[in-house]
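There are 2 protein chains.
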Amino acid sequence: MRRMDTRPDFDISHFMPYLLNQAADASSVEFQRFYKERYGMLRTEWRVLFHLGRYGQLTAGEICERAHIHKTKISRAVAALEAKRYLTREQAAQDRRREYLHLTVTGKKVFGELLHAAEKFDADLMSNFSNAEVAILRRLLAAIAGLKP
Amino acid sequence: MRRMDTRPDFDISHFMPYLLNQAADASSVEFQRFYKERYGMLRTEWRVLFHLGRYGQLTAGEICERAHIHKTKISRAVAALEAKRYLTREQAAQDRRREYLHLTVTGKKVFGELLHAAEKFDADLMSNFSNAEVAILRRLLAAIAGLKP
DNA sequence: TTTTATCGGTTGTATTTGTAACTAAGCGGG
DNA sequence: CCCGCTTAGTTACAAATACAACCGATAAAA
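Below, the structure written as structure tokens:
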């Protein structure tokens, strides 16, 4: 057989996409269980809720762009959040294709609770690392994710 | 409504699990398309292939442990790889519940090609960062992922 | 032994996701 | 105005995933 011109010791845990996925999964598990058990929410629902809570009124399309999530997932998440009475839709007067989404009072309350949990969870997760390390981590991850700094 | 005792500027891109997921997704997209289009493989199949290529004969259960993947996913991935003639199963003599998995010649060839692509892809992904930064990134991700150093 | 529990792995079914096609509304030139 | 083209969002159907129940083999207990 032909010689492989690859490092023979290239471990899968050195492959950055793999490492990133493992870290992402591990870091999400606990928080995911929290919003799932407590509020019956799916991941996309939590993200939509977060965007609306953080940035106020948005359209589905705007959330798609910001979160890099496909519009069908957003569509279903919005429908689910509406069914839970966490948000309401309002057709835009000047363009009736678009719908502005707002959180209801209940939605805002849930957002606040989840935000609080998220911050606490985040702080715990980073507590083993120095500030300088965390800063580098955030910067590199943002660059890899293609987020504007 | 009650005052929220959370930082009002807590952005979702500061929430580490979110950032990790975005980075993981972004970093995987291109390589994922590569093995999907070229070999018709799913992510779990690539991972199983990688483990067998890197570590040699393993049972399904051993791959579950190493990769933190549920056994039903492994079971289906193994079946798919077997259908593609990338691996064979061999019932263990001393315990007929267990099956040792080996790559076929074809499987090894595909492994070599994908490994080569992975290394190249990895190098590209990291090329914007210094060695020191990458070292910190790997260390922190491994810690978050709960991998033994 | 028989009985019971456990282990490695598979299969069935309900959810969830991805892809493409669709509806309805606006836009833009003739 | 009307035709074709784009856009916002939904829906239908196929593919993938999660979860639980399952099967056969082994081990441990009575």
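Protein sequence lines correspond, in order, to chains A and B. For the first sequence, the residue numbers in the working numbering are 1 to 149. For the second sequence, the residue numbers in the working numbering are 1001 to 1149. Note that CB positions come from ideal geometry on N, CA and C, so glycine has one too.
>> Can you list, in chain order, the residues of its chain with a C-beta nearer than 8 Å to that of A/Val134? Leave out the 5 residues immediately preceding and following it.
In response: Excluding residues within five positions, the ones whose Cβ falls inside 8 Å are Met126.
> Where does A/Tyr86 sit, in a helix, a strand or coil, going by DSSP?
Replying inline: In this structure, A/Tyr86 counts as coil in the three-state DSSP scheme.
> For chain A, is any of its Cβ atoms less than 8 Å away from the one on B/Arg1054?
Replying inline: yes
> Under a Cβ-count criterion, where at least 16 other Cβ atoms within 10 Å of its own Cβ denotes burial, should B/Glu1045 be classed as buried or exposed?
Replying inline: Residue environment: B/Glu1045 is assigned as buried (16 or more neighbouring CB atoms within 10 Å of its CB, all protein chains considered).
>> For chain B, check one thing: does any of its Cβ atoms lie closer than 8 Å to the Cβ of A/Leu114?
In response: So no, A/Leu114 is outside the interface.
> For the beta strand (DSSP E) that A/His116 lies in, which residues bound it at each end?
Replying inline: Premise fails: A/His116 lies in the alpha helix (DSSP H), 105–126, not in any beta strand (DSSP E).
>> My output table needs one value for B/His1051: the three-state DSSP class, helix, strand or coil.
In response: If DSSP states are grouped into helix, strand and coil, B/His1051 belongs with the helices.
>> Against A/His51, what residues of chain B qualify as contacts under a CB-to-CB distance less than 8 Å, listed in chain order?
In response: Near A/His51 (Cβ distances below 8 Å), the residues of chain B are Ile1012.
>> Check whether the region 52–64 of chain A and the region 94–102 of chain A are in contact - that is, three or more C-beta pairs closer than 8 Å.
In response: yes
> What's the call for B/Asp1211, buried or exposed, on a 16-neighbour Cβ count within 10 Å?
Replying inline: Summary: the structure shown does not reach residue 1211 of chain B, with chain B confined to residues 1001 through 1149, and so no result is reported for it.
> In terms of DSSP beta bridges, what is B/Gln1094 paired with?
Replying inline: None, per the DSSP bridge assignment.
> So, is A/Gln91 buried or exposed, given that buried needs 16 or more other C-beta atoms within 10 angstroms?
Replying inline: exposed
> Within 7 Å: the Cβ of A/Tyr100 and any heavy atom of the ligand PLP?
Replying inline: Looking for the ligand PLP in the displayed structure turns up nothing, as the structure carries no ligands at all.
> Hey, how far is the Cα of B/Ser1013 from the Cα of B/Arg1097?
Replying inline: 46 Å
> Would you say A/Arg47 and A/Gln32 are within 8 Å of each other, going by their C-beta atoms?
Replying inline: Taking 8 Å as the cut-off, the beta carbon of A/Arg47 is found no closer than this to the beta carbon of A/Gln32.
>> Among the candidates B/Ala1118, B/Asp1025, B/Leu1087, whose CA atom is the shortest distance from the CA of B/Leu1052?
In response: B/Leu1087
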